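Novice: Let me give you the structure first, and then I'll get to my questions.
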Amino acid sequence: MTHPLDPRSIPKYVNQVEVPSVFKPTIVRDPSTNEELSHNYTVFITAFKQQLLPPGFPETFVWGYEGIIEDGSCFSSTPGPTFEAVRGIPINVQWVNNLTDPHFLPVDPTLHWANPNNIPTPEPPFQPFPPGYPLAQSPVPVTTHLHGGEVRSDSDGGPDSWFTAGEEKTGPAFIQSRYTYPNQQEPTTLWYHAHALGITRLNVFAGLAGFYLLRDPNNIIEPLLPSGPFEIPIVIQDRSFNKDGSLLFPNIGVNPDAHPYWVNDFLGDVIMVNGKVWPNLNVERRQYRIRFNNGSNSRFYNLKLSNGQSFMQIGSDGGFLRCPVELTEILIAPAERADVLIDFSKQDPGTKIIITNDAFAPFPGGDRPDPETTGQIMQFTVLDTPSEKPVILPPILNEIPQLIPDVPKQTLTLNVVREETDPGPIELLLDGQKWASPISELPQVGSTVDWVLANITAATHPIHVHLIQFQLVSRQLFDAERYLADWESLNGKPPLQHPTIPLDVEDYLIGKPIEPDLNEQGWKDTVRANPNEVTILRLRFTPQNVETGGSKPGLNQFPFDPTFGPGYVWHCHILDHEDNEMMRPMKVVSGPIIDNNPQTCCEVVVEGNTQLIPPALNNATISSSNQIFAEIEKVCPEKVIINGFIQKTITYTAVLDNGVEEENIITDDFPFQCIINREDANEDDSFTITGSSVLCEVFAKTQNFGTHPVTNEQVAYKFVGKDIIKICIRKS
1 MTHPLDPRSI PKYVNQVEVP SVFKPTIVRD PSTNEELSHN YTVFITAFKQ QLLPPGFPET
61 FVWGYEGIIE DGSCFSSTPG PTFEAVRGIP INVQWVNNLT DPHFLPVDPT LHWANPNNIP
121 TPEPPFQPFP PGYPLAQSPV PVTTHLHGGE VRSDSDGGPD SWFTAGEEKT GPAFIQSRYT
181 YPNQQEPTTL WYHAHALGIT RLNVFAGLAG FYLLRDPNNI IEPLLPSGPF EIPIVIQDRS
241 FNKDGSLLFP NIGVNPDAHP YWVNDFLGDV IMVNGKVWPN LNVERRQYRI RFNNGSNSRF
301 YNLKLSNGQS FMQIGSDGGF LRCPVELTEI LIAPAERADV LIDFSKQDPG TKIIITNDAF
361 APFPGGDRPD PETTGQIMQF TVLDTPSEKP VILPPILNEI PQLIPDVPKQ TLTLNVVREE
421 TDPGPIELLL DGQKWASPIS ELPQVGSTVD WVLANITAAT HPIHVHLIQF QLVSRQLFDA
481 ERYLADWESL NGKPPLQHPT IPLDVEDYLI GKPIEPDLNE QGWKDTVRAN PNEVTILRLR
541 FTPQNVETGG SKPGLNQFPF DPTFGPGYVW HCHILDHEDN EMMRPMKVVS GPIIDNNPQT
601 CCEVVVEGNT QLIPPALNNA TISSSNQIFA EIEKVCPEKV IINGFIQKTI TYTAVLDNGV
661 EEENIITDDF PFQCIINRED ANEDDSFTIT GSSVLCEVFA KTQNFGTHPV TNEQVAYKFV
721 GKDIIKICIR KS
C-alpha cells in the first residue's frame, strides 16, 4: 500500500546543500618518470538508507554508488561520489553489482527489457504490484554509462551490457565490467548513471547517478573561475515519497491493458538537489560557479532567480561555450548540463534568493508547476562577508570548430504508437523502428553528417547520442500532420517491419529556420527536439579537438577503435520513453571512403541464428565465409529496392555422443533488403550491381550455451551471425 507524503507538509530550506564527496583513485605511475599513467577505482553499486527529507522525517531506502573517497573512508551516497578526472590521464573503473535483493520498484516485464531470467512476456490480466512478477524483480541487472564520454563501446555502459550481482547473468553485449575512460576530450561536466535495458528509469530513480568532472590543467579559462568551495555541482531531481520516507513510484500504468506499471512521464511532487529535498546553500558575497545537471526522469526545468538578477552561462554539455552568455532564465531538459556563474557580491547580508522553476510538465504541453512545491528548487542565503568583485572573463572562451557535412543527410522521425480506443501511449519510437529492429544508423568513422529530426509527437524529446559531442544547426516549424500522413502512406503505421523509407521534410517546412539560442551554440550531447519542429543536428564521428577540415570519412582519430565492440546507441533521454522503445542501436563502421562517382551505396544489417547439430564445443574455432546473392526486384520513382540473401558457411568443431570430435560445415541463407534513394530514377531505368561486401561477425551468445547430455561439457547450441552488407549500384 502507498501512503503518499503531502509535499506541502515538508519544510523547505531546512536541509543544507551537500557537495558530493569525491572518489579517491589508486594512481598508477611510470616507475622511471613518476608520471601518472592512470587513475583506478573500484565502485560498488549498493543499497542503503540516506536522509533525503529534512531532519525529523524518516530516512529513505535508496540505491547508490560506494567507494573510497578522499578522506580514505568507504562511503556510499546518492548521488554517488564524484569522479575528478584529468584530461590526458585515463580512468579505469571496476564496477561491482552488490544488489542482491529484489528490485524495490515495479519492473514492467511487458516492456523490452534486460530480462535476466528470460521470462515470457506476461499476458492480461496482469498481476498488481506489489508483488508484481517475482522473476522480473530479481536478480537486478545494472550497467553504468558515462554520459557525454568519448569511450570505446565496450566501456560505454550500453543497455545490453548489463550484469547481475556476481556477474552470474550478463546481457548479450556484456564483455567486461572494468571500463576505461580515456579523458582525451575537452574539460566539461559529465555524469554517470544506470543504463540497463528497459529499467533505466527505475534504477536512476532509485539513486544510480553521479558527477564526473573532467578538468584540463592546461586550459587557460579554468584558473579564472571560482573553484574549491565556490564551485558547486548541482543535480536537480524530482521525487515523490510515502509518509514512511520511502520513495514512491507509480505502480499503475498509463495504459495498463498494455503495460501494467509503465507511465510515459514520471513527474514527482518534491524537488531534490544533491540528494537533499529543497535545500539551502549559504553563499559568500562573491561569484560562484554552479554546474547544473538535470538528473530527472522526465521533468524539464526553466530556472530563474527570484530576485530577477541575471547570471552568466559559460558552458554546456560538451565544454565551454565560445562566448559567455548573460541570461535571466535557462531551460534544461533531462540530461542537459549548464555551467553557470552567479554573482552574489552586490547582495546584502541575509538576502535569500530562491531558484524557481516555471517549465510546463510534461513539456511543453502540460501544466505549470505548483509555485509552492515543484516551482521551487533551492535557496541561497547570503552571508555577512566582505564583497569580492567577480572576475572579468575574456570575450572568447573556446574555439569551436565549424563542422561541414561530407556525407548525405539522414532524415529521422520521432513517433508515438497509441491504441485507437485508448489515448495512452503504448510505446514511442525513433524512425518508426523498435529497439530490436536491424541497425539503421551506421555512421562511418571520421564522417560528418546532418541528422534531420522530424518530431511528429506532442512532446519535446531530449535526444542523446552516445560517443560524440555534436552541434545544433537549426530548428524549423513544419506541417507535422501532413508529413505524418505522407510518411505513413509511404511506410505504413509504426512499428515498421521493414527498413524505414525516409521522407524528405523540405516540402513540409514552414517559415525560416531558427538558429540555436546563444547558449546552445557549443558542443552538445543532448538536445531538445520540439514538437511540430524539424531539428537539425550536425554529428562528426571524430574527437572534439580535431580542427575544422581535419576529419574525413574513414579516418579514425579517436584514441581507440570506435568500430570495435557491441556499438553505441542514440535515444530520447526522457527515461520513461527510453525504456519503452525510444532508443536505437548505432554502429560506427570503418568502410572505404566513397568518392563522388555515379554509383550509389546502401548498407543494411542482417542478423540470424544458426542451429548446430551436434552442438559445438565451447572452445571451438569458428570461421565463416559469405557469398552475397542479390537482384534488383523493383524500380519505382526515386526508389530502388534490392532483395537478396547471404549464403553463410560456418565451419566448427563438434562433439559426437561417443565423445569423438569432428569438423562440421553448415550453410544457411539469410535474406536482406536494401532501399536506395535515387532522385534520377525512372520506372524504365535499369541498374546493375557494381559491388558488394559484407562485414561478418559470428559468435555464440551466453544464453545459447548448455551442457552436453553425454560429455557434460559446456556447448553452444546456436551461433549468432550479424552482418553489415554494403551494396553498390550504377545506372546501366
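Under UniProt numbering, the sequence shown has 230 at position 230, and the numbering climbs by one with no breaks.
Glycine is no exception: its CB is placed at the ideal position from the N, C-alpha and C atoms.
A quick note: this is a predicted structure, and the numbers were derived from the prediction, not measured.
Going by CA-CA distance only, name the one from Q444, V473, P120, R201 that's closest to Q237.
Specialist: Here residue 237 refers to the residue found at position 237 when the sequence shown is read from its first residue. Residue R201 is the option with its Cα nearest to Q237.
Novice: Identify which residue in V19, W191, F174 has its Cα closest to the Cα of L197.
Specialist: Counting from one through the sequence shown, the residue named residue 197 turns up at place 197. Selected option, being the one with the closest Cα: F174.
Novice: Evaluate F629 with the Cβ neighbour count: other Cβ atoms within 10 Å of its Cβ, from every protein chain shown; 16 or more gives buried, anything less gives exposed.
Specialist: Locating residue 629 in the sequence shown gives position 629, counting from the first residue. Looking at its Cβ environment, which holds fewer than 16 other Cβ atoms inside 10 Å, F629 is exposed.
Novice: From this set, T189, N40, N203, which residue's C-alpha is nearest W113's C-alpha?
Specialist: To locate residue 113, count along the sequence shown from 1; it is residue 113. The candidate whose alpha carbon is nearest that of W113 is N203.
Novice: When DSSP labels each residue in this structure, what does V698 get in the three-state scheme?
Specialist: Residue 698 sits at position 698 when you count from the first residue of the sequence shown. Note: V698 maps to strand in three-state DSSP.
Novice: Please classify T164 as buried or exposed, where buried requires at least 16 other C-beta atoms within 10 Å of its C-beta.
Specialist: The residue you call residue 164 lines up with position 164 of the sequence shown. By the 10 Å Cβ count, T164 comes out buried.
Novice: Looking only at its own chain, which residues have a Cβ that is under 7 Å from the Cβ of L135, when we skip the five neighbours before and after it?
Specialist: On the sequence shown, position 135 is the one that residue 135 refers to. Within the same chain, L135 has close Cβ partners N117, I119.
Novice: So what does DSSP say about K722, is it helix, strand or coil?
Specialist: Taking the first residue of the sequence shown as position 1, residue 722 is located at position 722. DSSP places K722 in strand when its eight states are reduced to three.
Novice: Could you pull out every residue in the same chain whose Cβ sits closer than 6 Å to the Cβ of V391, ignoring the five residues on either side in sequence?
Specialist: What you label residue 391 is simply residue 391 of the sequence shown in a count that begins at 1. Around V391: L224.
Novice: If the criterion is Cβ atoms closer than 8 Å, does the pair N194 and V140 meet it?
Specialist: On the sequence shown, residue 194 is found 194 positions in, with the first residue counted as 1. On the sequence shown, residue 140 is found 140 positions in, with the first residue counted as 1. Checking the sequence shown, residue 194 turns out to be Ala, not Asn. No. Outside cutoff.
Novice: For L503, count neighbouring C-beta atoms within 10 Å of its own C-beta (all shown protein chains included) and say buried if the count is 16 or more, exposed if not.
Specialist: For the purposes of this step, residue 503 is taken as the residue at position 503 of the sequence shown. Looking at its Cβ environment, which holds 16 or more other Cβ atoms inside 10 Å, L503 is buried.
Novice: Pull up the distance between the alpha-carbon of Q627 and that of T667, whole angstroms please.
Specialist: Taking the sequence shown and counting its residues from 1, one reaches residue 627 at position 627. Taking the sequence shown and counting its residues from 1, one reaches residue 667 at position 667. Q627 and T667: Cα-Cα distance of roughly 11 Å.
Novice: Given P438, which residues of its chain have a CB within under 8 Å of its CB, disregarding the five upstream and five downstream residues?
Specialist: Translated into positions along the sequence shown, residue 438 becomes position 438. These residues qualify, in order along the chain: P499, V604, V605, V606, E607.
Novice: Taking residue 773 as the reference, which of K409, Y181, G149, D160 has the closest Cα?
Specialist: With the chain covering 1 to 732 only, the question about residue 773 has no answer from this structure.
Novice: What number of angstroms, rounded off, separates the C-alpha of V640 from the C-alpha of P443?
Specialist: The sequence position of residue 640 within the sequence shown is 640, counting from 1. The sequence position of residue 443 within the sequence shown is 443, counting from 1. Approximately 21 Å between the Cα atoms of the pair.
Novice: Could you give the uninterrupted runs of the alpha helix (DSSP H) lying entirely in the segment 546-594, keeping only those of 4 residues or more?
Specialist: List check, alpha helix (DSSP H) in window: 575-578.
Novice: Distance check for F249 and D6, CA to CA, integer angstroms please.
Specialist: Numbered from its first residue, the sequence shown carries residue 6 at position 6. Numbered from its first residue, the sequence shown carries residue 249 at position 249. If you take the alpha carbons of D6 and F249, they lie about 15 Å apart.
Novice: Take the Cβ of N597 as the centre, count every other Cβ of all protein chains shown within 10 Å, and call the residue buried at 16 or more, exposed below.
Specialist: On the sequence shown, position 597 is the one that residue 597 refers to. Its pLDDT being 40, under 50, N597 is placed unreliably by the model, and the measurement read from it follows with that caveat. Exposed, because fewer than 16 other Cβ atoms sit within 10 Å of the Cβ of N597.
Novice: Expressed to the nearest angstrom, what Euclidean distance is found between the alpha-carbon atoms of I354 and Q376?
Specialist: In the sequence shown, the residue the question calls residue 354 occupies position 354. In the sequence shown, the residue the question calls residue 376 occupies position 376. Whole-angstrom Cα-Cα distance: 7 Å.
Novice: Give me, in chain order, the residues of the same chain whose beta-carbon lies closer than 6 Å to that of D154; leave out the 5 immediate sequence neighbours on both sides.
Specialist: For the purposes of this step, residue 154 is taken as the residue at position 154 of the sequence shown. These residues qualify, in order along the chain: I175, G565.
Novice: Residues bridged to N118 by DSSP?
Specialist: To locate residue 118, count along the sequence shown from 1; it is residue 118. Answer is none; N118 lacks a bridge partner.
Novice: According to DSSP, is R8 helix, strand or coil?
Specialist: Position 8 of the sequence shown holds residue 8. In this structure, R8 counts as helix in the three-state DSSP scheme.
Novice: Taking DSSP as the reference, what is the three-state secondary structure of E481?
Specialist: Within the sequence shown, numbered from 1, the residue matching residue 481 stands at position 481. Residue state, collapsed to three classes: helix.
Novice: If you count every other CB in all the chains shown that lies within 10 Å of the CB of Q497, and 16 or more means buried, which is it?
Specialist: As a working note, residue 497 is residue 497 in the sequence shown. That one is exposed.
Novice: Identify whether A459 lies in helix, strand or coil by the three-state DSSP scheme.
Specialist: Sequence index remark: in the sequence shown, residue 459 carries index 459 (1-based). Three-state DSSP puts A459 in coil, outside helix and strand.
Novice: Straight-line CA distance for R152 to Y212?
Specialist: The count along the sequence shown starts at 1 and reaches residue 152 at position 152. The count along the sequence shown starts at 1 and reaches residue 212 at position 212. Their backbone Cα atoms lie some 17 Å apart in a straight line.
Novice: Please return the same chain residues whose Cβ sits closer than 7 Å to the Cβ of L327, not counting the five positions on each side in sequence.
Specialist: Start at 1 with the first residue of the sequence shown, and residue 327 comes out as number 327. S310, F311, Q313, N519.
Novice: What do you get for T33, buried or exposed, if any count of 16 or more other CB atoms within 10 angstroms of its CB means buried?
Specialist: Locating residue 33 in the sequence shown gives position 33, counting from the first residue. Under this definition T33 is an exposed residue.
Novice: Taking the continuous alpha helix (DSSP H) assigned at Q137, which residues delimit it?
Specialist: Within the sequence shown, numbered from 1, the residue matching residue 137 stands at position 137. Looking at the DSSP string, the run of the alpha helix (DSSP H) that includes Q137 is 134-137.
Novice: Starting from the C-beta of I234, find all residues in its chain whose C-beta is less than 8 Å away, skip the five residues before and the five after it, and write them out in chain order.
Specialist: Along the sequence shown, one-based indexing puts residue 234 at 234. Excluding sequence neighbours, I234 sits near V17, V273, N274, I290, R291, F292, N293, M378.
Novice: Within its chain, find whatever has a CB closer than 8 Å to the CB of F478; leave out the 5 residues flanking it on each side and keep chain order.
Specialist: In the sequence shown, residue 478 corresponds to position 478, counting from 1. These residues qualify, in order along the chain: A454, V505, Y508, L509, I510, N532, E533, V534.
Novice: Quick check for students: name the residue ranges of the beta strand (DSSP E) that lie wholly in the UniProt domain "Plastocyanin-like" (141-218), counting only runs of 3 or more.
Specialist: Runs found: 144-147, 178-181, 188-194, 209-215.
Novice: Using the Cα positions of F360 and R368, report the straight-line distance between them to the nearest angstrom.
Specialist: For this step, residue 360 is matched to residue 360 along the sequence shown. For this step, residue 368 is matched to residue 368 along the sequence shown. When rounded, the distance between both Cα atoms is 5 Å.
Novice: When we look at the beta-carbon of D244 and count the other beta-carbons within 10 Å, is it buried (16 or more) or exposed?
Specialist: Reading the sequence shown from its first residue, position 244 is the one you call residue 244. D244 sits exposed, since fewer than 16 C-beta atoms from the chains shown fall within 10 Å of its C-beta.
Novice: Just to confirm, are I646 and L539 a CB contact at a threshold of 8 Å?
Specialist: As a working note, residue 646 is residue 646 in the sequence shown. As a working note, residue 539 is residue 539 in the sequence shown. Going by C-beta atoms, I646 is not nearer than 8 Å to L539.
Novice: Taking all protein chains shown into account, decide if D101 is buried (16 or more other Cβ within 10 angstroms of its Cβ) or exposed.
Specialist: By one-based count along the sequence shown, residue 101 stands at place 101. So D101 counts as exposed.
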